[in-house]
Amino acid sequence: MRFRFSFLARMADISEIDSVRLANMLFASALVILFYDHLLTLDSEIRLLWRRPRNAGGYLFFVNRYFALGNIVPAISLFSTSFSPSSCQSLELYHQVFQSITQGIVTALFALRVYALYGLKKTVLIIFMGIAILGAVTSISLSFVGRDESTPSDLGCHILLNSSNAASIAIGWEGLLIVDSILFAMTMRKAYQTHFSLSGIKVGRSLLSVIIRDGSIYFLIMALLNVVNIITLHISGPLQGNLSAFVGCLSVTLMSRMILNLHQVADTGIYTDHATITI
1 MRFRFSFLAR
11 MADISEIDSV
21 RLANMLFASA
31 LVILFYDHLL
41 TLDSEIRLLW
51 RRPRNAGGYL
61 FFVNRYFALG
71 NIVPAISLFS
81 TSFSPSSCQS
91 LELYHQVFQS
101 ITQGIVTALF
111 ALRVYALYGL
121 KKTVLIIFMG
131 IAILGAVTSI
141 SLSFVGRDES
151 TPSDLGCHIL
161 LNSSNAASIA
171 IGWEGLLIVD
181 SILFAMTMRK
191 AYQTHFSLSG
201 IKVGRSLLSV
211 IIRDGSIYFL
221 IMALLNVVNI
231 ITLHISGPLQ
241 GNLSAFVGCL
251 SVTLMSRMIL
261 NLHQVADTGI
271 YTDHATITI
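Numbering (full-length UniProt numbering), first residue to last: 1 to 279.
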């Protein structure tokens with residue numbers, strides 16, 4: 001019987017080590033992508049945004065792009081063993097709140113893009129901006145639920161989620177997925193309307209080119225990443241809770257890329273609508 005308990009404890013330790021190693025690998029990969037892409041596109045950012053008049057979309061772009069660099073704080077804690085359990089829990093709370101704000105900013109930019117595609121209708125902007133803020137606040141609130149039940153790891157400043165805590169975090173991501181799905185459907189509807197005239201006659205551009213130009217393809221990728229993240233939060237294993245930071249960093253990178261691409265073809269950037277440019 002003693003051997004059995006010893007074996008189970010050893011297996012639990014192995015599972016914890018696997019989870020920590022995977023968390024480190026995914027987070028390090030996410031930061032490499034985030035910072036490397038930032039350096040790759042810095043010249044375009046200076047040329048297209050810093051040297052031109054800025055609007056609300058431009059300022060929100062900078063918030064999205066530079067606020068995300070705060071991921072370096074939890075990154076340091078992941079590879080350090082000098083933090084106490086209480087410090088680890090505080091840093092994990094910071095990380096979860098940070099992710100919630102980051103995703104709220106991305107969703108706000110998403111809403112701003114749809115607002116432009118739908119002729120700058122303020123109703124669209126108010127509704128989805130309100131939802132983005134409400135979603136971020138809800139997600140932050142859920143970060144406090146059950147966090148004391150998490151167990152700090154001795155292999156670095158990690159918080160190993162239990163099933164109920166992971167499910168609470170998943171609620172925020174699920175709400176985000178619903179909003180993103182609605183916004184994606186709206187961009188696809190507008191892309192289809194642009195591709196075909198009201199009489200059903202084909203406009204001189206491919207549907208794929210319109211989808212890429214409007215940003216729908218970026219939103220689709222982000223939605224799919226959210227789906228994968230939500231699934232991993234509901235399934236026990238090394239991936240549980242470890243994919244959120246990776247998805248967050250990729251979302252920031254994709255959104256930055258989309259806005260820079262829009263500025264390449266029109267000064268209005270994220271406010272570019274179908275009447276502004278042609279492909």
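Every residue, glycine too, gets a C-beta built ideally from N, C-alpha and C.
Item, Value
"Inter-residue CB distance, I33 and T253 (contact presumed, cutoff 8 Å)", "6 Å"
"Any 3 or more C-beta pairs closer than 8 Å across the stretch 124–138 and the stretch 104–113", "yes"
"Nearest-angstrom Cα separation, counted from W50 out to L39", "15 Å"
"N- and C-terminal bounds of the alpha helix (DSSP H) containing Y94", "85–117"
"Straight-line Cα distance separating V227 from L233", "10 Å"
"C-beta atoms of L225 and L22 nearer than 8 Å", "no"
"Classification of S150 by the beta-carbon crowding that lies within 10 angstroms, buried from 16 upward", "Below a pLDDT of 50, predicted positions are generally treated as unreliable, and S150, at 46, falls in that range; the measurement from the model is reported next regardless. When all chains shown are included, S150 counts as buried."
"Alpha-carbon spacing of L31 relative to A68, whole angstroms", "10 Å"
"Inter-stretch contact (C-beta, 8 Å, three-pair minimum) for the stretch 55–64 and the stretch 256–264", "yes"
"Same chain, Cβ closer than 8 Å to D18, five either side skipped, listed in chain order", "P238"
"Range of the contiguous alpha helix (DSSP H) that encloses R65", "56–67"
"Supposed close pair G104, A75 - CB separation, criterion 8 Å", "About 21 Å separates the two Cβ atoms, so there is no contact after all."
"Distance, R47 Cα to I230 Cα", "37 Å"
"Beta-carbon contacts of L91 that lie in its chain and below 8 Å, excluding the five residues immediately before and after", "V73, P74, S77, F83, C157"
"Span of the alpha helix (DSSP H) around C249", "244–265"
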